[in-house]
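J.: According to this note's numbering, the sequence shown is numbered sequentially starting from 4.
Glycine included, each C-beta is placed from N, C-alpha and C at the ideal position.
None of the values given here were measured: they were computed from a predicted structure.
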Amino acid sequence: MSEMSVEARDWLHAADDDVLACRGAGRHGFDKLRRNRPMTNTHTMPVLGSRNGVVMIVQTCPDCRMVERTMVTAPRGSIDLPAKWRYRVDPRYRSPKGSGVTGRMALAETVRRMDEDGTIAKMSAAASARQPTGAGDGGDDMGSPRAASQAQGGTPVSGVVPGVTFKTP
């Protein structure tokens with residue numbers, strides 16, 4: 004594993020928590036376009052000088068609030084095949100050129116901050132308080148994270164934080 008550049012380290016330490024969350028997840032939480040459902044971070048506006056209902060759809064990332072995407076529709080609000088999202092990014096979201104900041108680095112910085120402020124310890128304590136304990140008969144030890152996850156209706160995942168359950172639909 005290569006050493007992190009000074010620029011990357013400095014940027015990660017100075018970055019906003021919300022920016023790190025989006026970069027660490029590798030995606031933005033833009034609203035999905037759905038009819039008859041409220042979309043809190045999506046709005047439309049008429050395109051000046053156009054007729055027949057040409058509108059611009061504008062979405063802002065609800066998490067970092069630093070990335071906006073827009074799309075211009077065809078007349079009557081229809082989407083034609085060449086239409087695509089165009090992105091505008093706040094300069095504070097971007098890491099320095101050549102710094103090599105990756106999503107995994109952003110995730111690692113988030114976890115470091117969570118550990119530093121005690122969030123991970125609180126999550127672990129809360130999970131331990133909810134976790135059933137078994138007799139430890141060797142077969143179905145309810146004290147293990149795997150057994151606890153199964154008991155709570157989740158799918159066991161190896162290598163996860165003890166007490167964290169991932170529910171599957």
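1. Report the option in 70, 132, 119, 99 whose CA atom is closest to the CA atom of residue 11.
2. Decide if the region 76–94 is in contact with the region 54–63; the criterion is three or more beta carbon pairs, one per stretch, under 8 Å apart.
3. Please report the distance separating the alpha-carbon of residue 52 from that of residue 72.
4. Once DSSP output is grouped into helix, strand and coil, what is the label at residue 31?
5. Hey, residue 61 and residue 46 are a contact pair by Cβ (cut 8 Å); roughly how many whole angstroms apart?
6. Hey, residue 27 and residue 106: beta-carbon distance below 9 Å or not?
7. Name the DSSP bridge partner or partners of residue 9?
8. Using only alpha-carbon positions, find the residue among 64, 63, 74 that is nearest to residue 49.
T.: Reading off the structure:
1. Here residue 11 corresponds to residue number 8 of the sequence shown, with the count starting at 1. Looking at the Cα atoms, 99 is the closest of the given residues.
2. yes
3. As a first step, residue 52 is located in the sequence shown; it is residue number 49 there, counting from the start. As a first step, residue 72 is located in the sequence shown; it is residue number 69 there, counting from the start. If you take the alpha carbons of residue 52 and residue 72, they lie about 21 Å apart.
4. As a working mapping, residue 31 is identified with position 28 in the sequence shown. Of the three classes helix, strand and coil, the one that applies to residue 31 here is coil, per DSSP.
5. For the purposes of this step, residue 61 is identified with residue 58 of the sequence shown, where counting begins at 1. For the purposes of this step, residue 46 is identified with residue 43 of the sequence shown, where counting begins at 1. Their Cβ separation, rounded to whole angstroms, is 6 Å, which keeps residue 61 and residue 46 in contact under 8 Å.
6. Numbered from its first residue, the sequence shown carries residue 27 at position 24. Numbered from its first residue, the sequence shown carries residue 106 at position 103. Against a cut-off of 9 Å, the Cβ pair of residue 106 and residue 27 comes out as a contact.
7. In the sequence shown, residue 9 corresponds to position 6, counting from 1. Note: residue 9 sits in no beta bridge, so no partner.
8. Residue mapping note: residue 49 aligns to position 46 of the sequence shown, counting from 1. Per the Cα distances, 74.
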